[in-house]
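K.L.:
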Amino acid sequence: METFLDAAFMRHAVLAGLFAGVACAVAGVFAVLMRLTFIGVCLAHAAFAGGLMGLLFGLDPLTGALVASLAAAAIIGPVADRGELSPDTAVGVVFSAMLGLAIFCLGLLPGPKTAGLNLFWGNILTVSPRDLWLLGGVAVTATLLIVAFFKEIQAVACHRWIARACGLPATAIFYGILFFTGLTVTACLPSIGGLLVYSLLINPAAAAYQLTYRLGRLFFLAALFGVVSCEGGLFIAWKLDVPAGASIVLVSSLIFLVAVACSPKRKAGSRAEA
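Its first residue numbered 28, the sequence shown is counted upward by one per residue in this note's numbering.
1. Below 8 Å, can you find three or more Cβ-Cβ pairs linking the segment 29-37 to the segment 205-217?
2. Among residues of its own chain, excluding the 5 on either side of Glu300, which ones have a beta-carbon nearer than 7 Å to its beta-carbon?
3. Less than 8 Å separating the beta-carbons of Val154 and Ser218?
4. How would you label Asp158, buried or exposed, when you count the other beta carbons within 10 angstroms and need 16 or more for buried?
5. Whether or not the segment 227-240 and the segment 48-67 are in contact is what I'm after, with contact meaning three or more pairs of Cβ atoms, one per stretch, closer than 8 Å; do they touch?
6. Please classify Tyr240: does DSSP put it in a helix, a strand, or coil?
7. Under 8 Å, Cβ to Cβ, is there at least one residue of chain D near Ala182?
8. Alpha carbon to alpha carbon, how far is Val276 from Gly138?
9. So, do the segment 77-84 and the segment 178-188 have three or more beta carbon pairs nearer to each other than 8 Å?
10. Which residue marks the beginning of the alpha helix (DSSP H) containing Gly194, and which one marks its end?
11. What's the gap between the Cα of Leu195 and the Cα of Leu32?
12. Going by beta-carbon coordinates alone, are Gly55 and Leu228 separated by less than 8 Å?
13. Give the secondary structure of Lys178 by DSSP, where H, G and I count as helix, E and B as strand, and everything else as coil.
14. Are the CB atoms of Ala71 and Gly221 within a distance shorter than 8 Å?
15. Determine the DSSP secondary structure at Gly138, reduced to helix, strand or coil.
16. Within this structure, are the beta carbons of Ala197 and Ala190 separated by less than 8 Å?
17. Is Ala299 helix, strand or coil by DSSP?
18. Below 8 Å between beta carbons: does that hold for Val278 and Gly253?
19. Can you tell me which of Leu42, Gly272 and Gly48 puts its alpha carbon nearest to the alpha carbon of Phe246?
20. What's the C-alpha gap between Val106 and Thr30?
21. For Ile282, count neighbouring Cβ atoms within 10 angstroms of its own Cβ and tell me buried if that reaches 16, exposed if not.
22. Helix, strand or coil: which one does DSSP assign to Asn230?
23. If you reduce the DSSP assignment to three classes, tell me which class Cys132 lands in.
24. Can you give me the start and stop residues for the alpha helix (DSSP H) that Ser155 sits inside?
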């Protein structure tokens, strides 16, 4: 009898899900805490536009996606700081530009648009060894950075202006978080796709946020929920012969709904209103 892990491509997909779940969870915690939940959509479209430009000019689409997502991350910070805008507003401005650029580049692609649309939808079942190495590198780097700079990251993620007043390099850390999010989105582009990566960034982190007040536990739960979303979605896709990306998103959404229903924060809020 055929089992879930018999095929080599399924084993690669499981590894990709493990790495993507951890990397996206870390970036998602930053997005939720800093009220930058829209950043996943923005950087995903930036990476999509960069990948399309790579295809258009005969270059490696993943390299183009990385350059474009990092460029978008580099724009968001200064626009927010110098324009005296909230980071979410700056993200919205950059998102609209990147969406227009992506559609423009897609229209310029000659012939069928299959290669371009594959960047948007992704396919975790066809992940390559290079994609696995990239995802693994991002996941390991994220874990090491959290361990090494936990206090500094905690200060900036929760109270950026207070951290700056205390002498911490808050702006540099904030920009570093933006760049890391861009790198994470790019690494997930071939497997999760530019459209669905937003859900894997936000849903596990938002679910974890419902269950704890402690940042360390928040990172752990978000990573756990991200991995469960990916592996559970893959198993459902294999069992029911349905798209893997959609299954992953639905599992992550279900986890969020369960977390909201069981949230001690919701119960505390109900008691306060009473």
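Heads up, the beta-carbon is just placed ideally off N, CA and C, and yes, glycines get one too.
P.N.:
With the structure as the only source:
1. no
2. If you number the sequence shown from 1, residue 300 lands on position 273. With a pLDDT of 48 at Glu300, under the threshold of 50, the predicted position of this residue should be treated as unreliable, and no value is reported.
3. Working through the sequence shown from its first residue, we reach residue 154 at position 127. Working through the sequence shown from its first residue, we reach residue 218 at position 191. For Val154 and Ser218, yes; Cβs fall inside 8 Å.
4. As a working mapping, residue 158 is identified with position 131 in the sequence shown. Its Cβ being crowded by 16 or more others within 10 Å, Asp158 is buried.
5. yes
6. Taking the first residue of the sequence shown as position 1, residue 240 is located at position 213. The answer is coil: DSSP assigns Tyr240 none of H, G, I, E or B.
7. The chain labelled as chain D is not found in the depicted structure, where only one protein chain is given.
8. Translated into the one-based positions of the sequence shown, residue 276 becomes position 249. Translated into the one-based positions of the sequence shown, residue 138 becomes position 111. Their Cα atoms are separated by approximately 31 Å.
9. no
10. As a position in the sequence shown, residue 194 is number 167, starting the count at 1. No alpha helix (DSSP H) holds Gly194; DSSP gives it neither H nor E.
11. In the sequence shown, counting from the first residue as 1, residue 195 sits at position 168. In the sequence shown, counting from the first residue as 1, residue 32 sits at position 5. About 47 Å.
12. Within the sequence shown, residue 55 is the residue found at index 28, counting from 1. Within the sequence shown, residue 228 is the residue found at index 201, counting from 1. Result yes, Cβ atoms of Gly55 and Leu228 sit closer than 8 Å.
13. Against the sequence shown, residue 178 aligns to sequence position 151. Of the three classes helix, strand and coil, the one that applies to Lys178 here is helix, per DSSP.
14. Locating residue 221 in the sequence shown gives position 194, where the first residue counts as 1. Locating residue 71 in the sequence shown gives position 44, where the first residue counts as 1. Yes. Within cutoff.
15. Residue 138 sits at position 111 when you count from the first residue of the sequence shown. Coil, per DSSP.
16. Within the sequence shown, numbered from 1, the residue matching residue 197 stands at position 170. Within the sequence shown, numbered from 1, the residue matching residue 190 stands at position 163. The answer is yes: Cβ separation under 8 Å.
17. Translated into the one-based positions of the sequence shown, residue 299 becomes position 272. Low per-residue confidence applies at Ala299: pLDDT is 47, beneath 50, and the placement is therefore not dependable, though the value from the model is reported in the following sentence. It is helical.
18. In the sequence shown, counting from the first residue as 1, residue 278 sits at position 251. In the sequence shown, counting from the first residue as 1, residue 253 sits at position 226. No. Outside cutoff.
19. As a first step, residue 246 is located in the sequence shown; it is residue number 219 there, counting from the start. Here the closest residue by C-alpha is Gly48.
20. By 1-based counting over the sequence shown, the position of residue 106 is 79. By 1-based counting over the sequence shown, the position of residue 30 is 3. Between Val106 and Thr30, the C-alpha separation is close to 51 Å.
21. Residue 282 sits at position 255 when you count from the first residue of the sequence shown. That one is buried.
22. The residue given as residue 230 occupies position 203 in the sequence shown. Note: Asn230 maps to helix in three-state DSSP.
23. Position 105 of the sequence shown, counted from the first residue, corresponds to residue 132. In the structure shown, Cys132 sits in a helix (DSSP, three-state: H, G or I).
24. As a position in the sequence shown, residue 155 is number 128, starting the count at 1. Segment: none, Ser155 is in no alpha helix (DSSP H) and carries neither H nor E.
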